[in-house]
Structures are given as C-alpha cells and as structure tokens.
Amino acid sequence: MNVSRIALTTGIALSSVVLLSGTASAHVGVQPQGEAAKGGYATVNVKVPNERDNASTIKVEVNFPVDHPLASVMPQPVPGWKSDVTKSKLTKPLELHGKTINEAVTKVTWTAEGDAKIGPGQFQQFPLSLGQLPEADQLVIKAIQTYDNDEVVRWIEEPKDGAELQNPAPVLKLSAASDDHHGGGTKTDDKAGHDDKAKDGAKDKAKDRKAHTENAAHADSGSDTTARVLGVVGILIGVAGVAFGLLAGRRRSA
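The numbering of the sequence shown is our numbering, which starts it at 316 and goes up by one.
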C-alpha cells in the first residue's frame, strides 16, 4: 500500500515537472534559416507558440533595437495574416553600400484576419529578411503576443547571466563574419582577378603577334631591298659588257 502511494506521488511529481518545464520553454523565439553572420544578411523565423488552453493568438509584434538599427527588414507573406512595417527616423544616419540611410525599421506587426489564429497547442512561424546585421554577438528582438481574450504577454526581458526569466525576449545569435558576407575576398573578386589575368595574358599574346608580324615585315622589306640592289648591279654589269663588246669591235675594224 505504501509502495503504491509512493509510486503515485512520484508519478504526479514527475508529471508536474514535465508540464512546468514544457510551459516555461514555450516562449516566442527567433531562429535563423542557415547562418546569421555579423555584417551580413539573414532570413529568420519568428516562432510564436500558443501557451493558453482557452484562447488563441491573434496578433504578434516584434521590436528591433534602436542601438543596432537595421536598414532592411522585409516580412514574407503569411497566409491569413496581415503584416505592417513601422519605420522610424534615425538620430545617427547609417552608411550602407555608399548610400545614407536616415530611417530604419523598428517594428513589424502581424494581425490575424478571419479565422487565421494560432490556436491552443499550435504555433506559427513568421519569416523575416534582416540586414545589415550589426557587429555584435547577438540581437535582442522584443516581442508582444496578444490573445483573443485581450490578454497581452510581453516577451521583453533581456538576457542576464545565470538569471531565469519568466518572459525572455527572443535573441538572435550572430556568428563570426565570413568572406561571403563582408571583408576579405569573395568568389566574385577571385573570378574578376582571374579574368583580369586572362585579359593581360591575351594582351601580351597580341603584342607578341604584332612584334612577330613587324619583324617579318622588316625581314621581307630587307629581302626586297637586297634583290633590287642585285638586279641593278646585274643590269650595270650587262651594260658594261655590251659597251666593252662594241668598243672591241670598233678596234678590230680600225
């Protein structure tokens, strides 16, 4: 009897731990599709689970930090959800690709239309294209989740060392920059360098062909000159021979 009670109590305790841990881990998060490198561009998914058994999520809002403004934020269309992008003026303009950016996206809001809701036991992903990512280890993106019973959950608590947060803000971890994102050489640069070398080689070959042609022309010109000189000398010798013959004939007649 005591053994049964102990087993029952243990089972209830374990079930409570599992349920509580599941609830604590079910929060709004952001996950990159592939790599999110410093100074580059990335596509991320804002993952929104529904934590309520008696309500559905009808609105999601994500806010971007003003200390690391993003010049480009583009939401991918999600069926049944309307997206609104909010831009704000920057106190300090950004320089991006040779252009001055005076405003940046500070908020994106998705609102359910019709029956498109995130029901109990469900989740929804909202894709975003972000860039240019800051030179930081992470990007904190605060989120606000609204239910159809007017409950609002604010996922805005910034991460702290060793602290367990009740409503942590979504955090996008940024990896080290690679050659494909910024700095260093790229495949395009390598190809351009290879093409330049090929062009230089072609120019050198063209110069060699031109020099060879000019040398051949000079050689042909020299040969023509020699032939002409020899022809003139032959004519002179012939004329001299004829004159000598006429002179000898006249002497014989005399």
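Glycine included, every Cβ here is placed at the ideal spot set by N, Cα and C.
Small disclaimer: the values here were computed from a predicted structure and weren't measured.
Scanning I552, V359, S490 for the CA closest to the CA of Q453 turns up S490. Using a Cβ-Cβ distance cut-off of 8 Å, the stretch 470–479 and the stretch 389–406 are not in contact, since fewer than three pairs of beta carbons, one from each stretch, lie closer than that value.
A straight line joining the alpha-carbon of D368 with that of T358 spans about 31 Å. Scanning the stretch 355–424 from its first residue to its last, the whole beta strand (DSSP E) runs of 3-plus residues come out as 357–364, 372–378, 387–390, 396–411. Collapsing the DSSP output to three states places I550 in a helix. Rounded to the nearest angstrom, the gap between the Cα atoms of K407 and P485 is 25 Å. Boundaries cannot be given for A451, as no beta strand (DSSP E) includes it and DSSP labels it neither H nor E.
Contact check for K374 against Q460 passes: the beta carbons are separated by less than 9 Å. Here G477 is not near N365, since their CB atoms are 9 Å or more apart. Between the alpha carbons of V455 and P483 lies a gap of roughly 10 Å. Straight-line measurement puts the Cα of Q346 at about 9 Å from the Cα of P442. Per DSSP, P474 is not a residue of any beta strand (DSSP E), being assigned neither H nor E.
Between K422 and the set G344, G354, Y356, P390, the nearest pair of CA atoms involves P390. Here DSSP, grouped into helix, strand and coil, assigns L480 to coil.
In the three-state reduction of the DSSP assignment, A431 falls in the coil class. For Q447 and G354, the gap between their C-alpha atoms comes out near 6 Å. Rounded to whole angstroms, G344 and N464 show a C-alpha spacing of 22 Å. For V345, the enclosing beta strand (DSSP E) covers residues 344–347.
Taken through DSSP and simplified to helix, strand or coil, A458 comes out as strand.
The beta-bridge partner set that DSSP reports for P442 consists of N360.
In this model, Y462 and V377 are separated by some 15 Å (Cα to Cα). L487 carries a strand assignment under DSSP once its states are collapsed to helix, strand and coil. When DSSP states are grouped into helix, strand and coil, A341 belongs to the coil group. In the three-state scheme derived from DSSP, where H, G and I count as helix and E and B as strand, A352 is classed as strand.
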